[in-house]
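As you go down the protein sequences, you meet chains E and A in turn.
Per my numbering, residue 14 is the first one in the first sequence, and the count goes up by one each step.
Per my numbering, residue 138 is the first one in the second sequence, and the count goes up by one each step.
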Amino acid sequence: MATRRTLGLVAVLALVATACAGPAASPSAAPTANVTPAPTAPGTPAPTPAPTGPTLPTSVGEGEGALTILNWPGYVEDGSTDANYDWVHPFQEQTGCQVTFQSFGTSDEAFSLFTTNPDQYDVISASGDASKRLALAGYVQPINVELVPNYADIYSSLKDQPYNTFDGVHYGIPHGRGANQLMWRTDKASDQTRWDQEMFNPDTTLNLSVYDAAVYIADAAVELMNTKPELHITNPYALDDTQFQAAIDLLTAQRPHVKTYWTDYVAQMDSFRNGDVDLGTTWQVIANLLQAEDPPVAVGIVNPEEGATGWSDTWMVNSHTQHINCAYKWLDYVASPKVNGSIAYWFGEAPGNSKACDFIASADGFSDATHCDIFHAADNDPFWTNIHYWQTPEATCVDGRTDVQCKDFDAWSSAWTTLKG
Amino acid sequence: MTNAERAPQRSFLRGLATSLEGRPRLRLALLLGLPLLALVLIYFGSLAILFLNAFWQRDTFTGHVIREFTLENFVDLGRPVFISVTLRTIGMAIAVTLTCAVIAFPIAYYMARVASPRVRGALVVAVLMPLWASYLIKIYSWKLILSEAGVLNWALSPLGIKGPGFGEIGLWLVFTYLWLPYMILPLFAGLERIPSSLIEASSDLGARAVTTFRRIILPLTFPALVAGSIFTFSLTLGDYITPNQIASGKQFIGNLILADFGVPNLPLAAAEAFVPLAIIVAYLLIARRLGAFEAL
């Protein structure tokens, strides 16, 4: 009798567990769909670049016929979002490399997807808070920029930066840059110019929407650089205990007004369209799409006076890729004035290729001479001194201070979880 | 095919049949071997790997798992935020289970004991129908219902009131909707099994409807109620997509596991995954005490 009961219990346990697993496994986009125990393969031993210099490919041969890309939304468009924006099909026709792509909502999601499936993605568009981790952990490989002719036209202020070049070795091709902006419903809120007008105003009556990633703590730090100079924050990703606590306090005061946390830009569009939120952080592409709807959603968008966090992205290649030729073909293709300009125009960011602005200003379907001014594409535009590109916080302060310990990314993640409650 | 060609095959099968004759254990082993292997290897194997991961360390910068023993991940479960999230999750699971039971009982009773066979068939289909639609579709539909410009607020606006919107109350509604069929069906099966003679005997002996319900129907369907509650409780406990969409940033255990998986901090996520497992095992042990498995 006892054994029969135990058997019954086990059977029910299995039944319940399958029932639990059912819904959880359904959305293929959720990173838990692939719970591989540990990314051992790429890590042991971590191929940090040898001082003699890594062995780089010396030529690009015939394509292998396939390429899998992990990208920010809007960076790889095949015409399915808007028939006028398609740079996947021309690439496939030119190179014979069939493109499979998957987008992600945060750098953490990208890092997690890439590292738990170390052989799956050939190419990734990585922001600074993922690129350094990917390179130093050996998940992506050094790049021979000689094999990417369009590299020559990339703005020099984007080359050899601490998020794409490590120990003097190039790990990718710069893509472009942009800022996290402020968007509001013009029928619910007055015109905005500053973050502390409503977004960081503890007495606001509006419903807010905030980007759901620990790196958002840096947005609070940028605000503190303006409002609390006595904290001496010089880099919002290098926060010691006092500075970090001040940022958390600011976010704690904001928390009661936050209605949604977004990572999926479509969900963020829904929140604004349905009136669930009045004001929030955004990317230009979200505002563009909302304004282009029929009927248009009345939203305004601004780069607030205090400055902001932002991104400077890099196209990188998996160190385990089986499609190295297709990957190099993609790197050059995506860095060309036409494609780089198309992406920058579609997403709403500054292109990385210096000739992309001419393309956007003159090409059919674009003819927008103002885009590059609005997004401050030019090398050394003073606008970027106020934009702090996403970066991974480390215990050794990334602003160079050696007399204090900074909060590392683990501390940021754990504080973010606690903050949301 | 001629008889001559078929003969060797037939004699092989006959030989197999002869060798199995009188060996019931071998027959059982052949029958159950593969499914049991799948259960043990795939199911318990992955659980074991998960459990093992909870004891490893990791490189905080690269996220690499370092295979050195530590209990740190289990110590981290004591964080105040994890405790409050766990309590919130258990509270939600209990609330959803109770609501489902209260709503499901009359429906199941009507289906099992009152409705004509034709109406009963239609009701069974109606209860099962939502299960044919994708779980994600249902959540997104509820987002449209609950949103500021949604159906609920529109319907309530003549009364001058607003719906709950997104948050814990909205989430409670959505969970109740999602898991209700899992409560109705076991209850229906349990109620159907009560012999009519018992209820007739009860009224013959002068019991009122309430007394019959309290002393005959409820005790006899209690195991079915507990069986249904296992579904509603465990499904609520493990879900992270519904809270993520509906709860306005309020987190549940599943959300924390997902977040730590995304850091990526696999060891901590693995340790956290054992909390809902432990809760469910405790729940099942209590359910067994209450006789729920005799109703299966």
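Just so you know, even glycine gets a beta-carbon here, dropped at the ideal spot from N, CA and C.
Per DSSP, what kind of secondary structure is residue i in: helix, strand or coil?
i, result
"valine 363 (chain A)", "helix"
"leucine 153 (chain A)", "helix"
"asparagine 190 (chain A)", "helix"
"proline 404 (chain A)", "helix"
"leucine 308 (chain A)", "helix"
"alanine 38 (chain E)", "Its pLDDT being 36, under 50, alanine 38 (chain E) is placed unreliably by the model, and the measurement read from it follows with that caveat. It is helical."
"valine 290 (chain E)", "coil"
"valine 48 (chain E)", "Here the model assigns valine 48 (chain E) a pLDDT of 35, short of 50, so the residue's position is not dependable and the matter cannot be decided."
"valine 89 (chain E)", "coil"
"aspartate 283 (chain E)", "helix"
"tyrosine 250 (chain E)", "coil"
"glycine 56 (chain E)", "Residue placement at glycine 56 (chain E) is poorly supported in this model, since its pLDDT is 40, which falls under 50; the coordinates still yield a value, given next. Coil, per DSSP."
"glutamine 205 (chain E)", "coil"
"alanine 43 (chain E)", "Confidence in alanine 43 (chain E) is poor, its pLDDT being 35 and thus under 50, which makes the residue's placement unreliable; the coordinate value appears in the next sentence. The answer is coil: DSSP assigns alanine 43 (chain E) none of H, G, I, E or B."
"serine 222 (chain E)", "strand"
"tyrosine 319 (chain A)", "helix"
Measuring alpha carbon to alpha carbon, tell me which of the options ends up nearest residue i.
i, options, result
"glutamine 105 (chain E)", "E:Thr129, E:Trp85, E:Gly78", "E:Gly78"
"valine 412 (chain A)", "A:Ser385, A:Gly428, A:Gly391, A:Ile353", "A:Gly391"
"alanine 266 (chain E)", "E:Glu362, E:Asp216, E:Thr199, E:Val228", "E:Asp216"
"phenylalanine 114 (chain E)", "E:His102, E:Leu80, E:Gly354, E:Thr327", "E:Leu80"
"glycine 288 (chain E)", "E:Glu407, E:Tyr402, E:Val312, E:Phe372", "E:Val312"
"isoleucine 167 (chain E)", "E:Val182, E:His336, E:Arg190, E:Gly181", "E:Arg190"
"glycine 386 (chain A)", "A:Ile353, A:Asn210, A:Val400, A:Val222", "A:Val222"
"aspartate 95 (chain E)", "E:Val347, E:Asp371, E:Glu306", "E:Glu306"
"leucine 281 (chain A)", "A:Phe398, A:Leu328, A:Gly300, A:Arg426", "A:Gly300"
"phenylalanine 398 (chain A)", "E:Ser349, E:Asp421, E:Asn163, E:Ala123", "E:Ala123"
What does residue i touch in chain E if you count any residue whose Cβ is under 9 Å from its own?
i, result
"alanine 286 (chain A)", "Arg286, Asn287, Gly288, Asp289"
"glutamine 388 (chain A)", "Thr430, Lys433, Gly434"
Closer than 7 Å by beta-carbon distance: list the chain E residues that pair up with residue i, in chain order.
i, result
"leucine 322 (chain A)", "Those do not exist, as leucine 322 (chain A) stays about 12 Å from chain E at its closest Cβ, beyond 7 Å."
"serine 385 (chain A)", "Lys272, Thr273"
"phenylalanine 325 (chain A)", "The premise fails here: phenylalanine 325 (chain A) is roughly 18 Å from chain E at the closest Cβ pair, so nothing lies under 7 Å."
"alanine 396 (chain A)", "Thr430"
For chain A, check one thing: does any of its Cβ atoms lie closer than 8 Å to the Cβ of residue i?
i, result
"arginine 414 (chain E)", "no"
"serine 426 (chain E)", "yes"
"arginine 146 (chain E)", "yes"
"alanine 202 (chain E)", "no"
"proline 64 (chain E)", "Since pLDDT at proline 64 (chain E) reaches only 45, below the 50 mark, its modelled position is unreliable, and no value is offered."
"serine 140 (chain E)", "no"
"glutamate 211 (chain E)", "no"
"glutamate 318 (chain E)", "no"
Taking 8 Å as the CB-CB cut-off, is residue i touching chain E?
i, result
"glycine 300 (chain A)", "no"
"alanine 241 (chain A)", "no"
"threonine 197 (chain A)", "yes"
"phenylalanine 206 (chain A)", "no"
"phenylalanine 303 (chain A)", "yes"
"valine 347 (chain A)", "no"
"valine 218 (chain A)", "yes"
Which residues in chain A sit within 7 Å of residue i, going by Cβ to Cβ distance?
i, result
"threonine 128 (chain E)", "Gly200, Pro401"
"glutamate 407 (chain E)", "Phe198"
"aspartate 307 (chain E)", "Here the premise fails: no neighbours, minimum Cβ distance about 17 Å."
What does residue i reach in chain A if we use C-beta pairs closer than 9 Å?
i, result
"aspartate 254 (chain E)", "Simply none; closest approach about 17 Å."
"leucine 12 (chain E)", "The structure shown does not extend to residue 12 (chain E), since chain E spans only 14 to 434, so no value can be given for it."
"serine 125 (chain E)", "Gly200, Phe398, Gly399, Val400, Pro401"
For the ligand ATP, is there a heavy atom less than 7 Å away from the beta-carbon of residue i?
i, result
"arginine 257 (chain A)", "For the structure depicted, the ligand ATP is absent and the ligand set is empty, with no information on it obtainable."
At a CB-CB cut-off below 8 Å, which residues of chain E make contact with residue i?
i, result
"leucine 393 (chain A)", "Thr430"
"phenylalanine 212 (chain A)", "The amino acid at residue 212 (chain A) is misidentified as phenylalanine; the sequence shows valine. In chain order: nothing, as chain E lies at least about 13 Å away."
At 8 Å on the CB atoms, spell out the chain A contacts of residue i, in chain order.
i, result
"aspartate 423 (chain E)", "Thr197, Val400, Asn402"
Identify the contact partners of residue i in chain D, using a Cβ-Cβ distance below 9 Å as the criterion.
i, result
"aspartate 121 (chain E)", "Of the chains in the structure shown, none is chain D; the protein chains are E and A."
Inter-stretch contact at 8 Å, needing at least 3 Cβ pairs: the segment 147-162 of chain E / the segment 114-122 of chain E: no
Cβ contact check for the segment 372-386 of chain E and the segment 348-364 of chain E: 3 or more pairs under 8 Å: yes
Any 3 or more C-beta pairs closer than 8 Å across the segment 273-280 of chain A and the segment 241-259 of chain E: no
Three-pair Cβ contact test at 8 Å for the segment 251-266 of chain A versus the segment 358-375 of chain A: no
Touch test, the segment 329-346 of chain A against the segment 375-391 of chain A, Cβ-Cβ under 8 Å, three pairs minimum: no
Validate contact between the segment 250-265 of chain E and the segment 412-426 of chain E using beta carbons, cut 8 Å, 3 pairs: yes
Validate contact between the segment 215-229 of chain E and the segment 284-292 of chain E using beta carbons, cut 8 Å, 3 pairs: yes
Segment contact, 8 Å Cβ cut-off, at least three pairs: the segment 350-369 of chain A with the segment 321-332 of chain A: yes
Three or more C-beta pairs below 8 Å linking the segment 182-202 of chain E and the segment 362-372 of chain E: yes
Stretch pair the segment 243-253 of chain A + the segment 413-432 of chain A: three plus CB contacts closer than 8 Å: no
Three CB pairs or more closer than 8 Å across the segment 133-141 of chain E and the segment 156-172 of chain E: no
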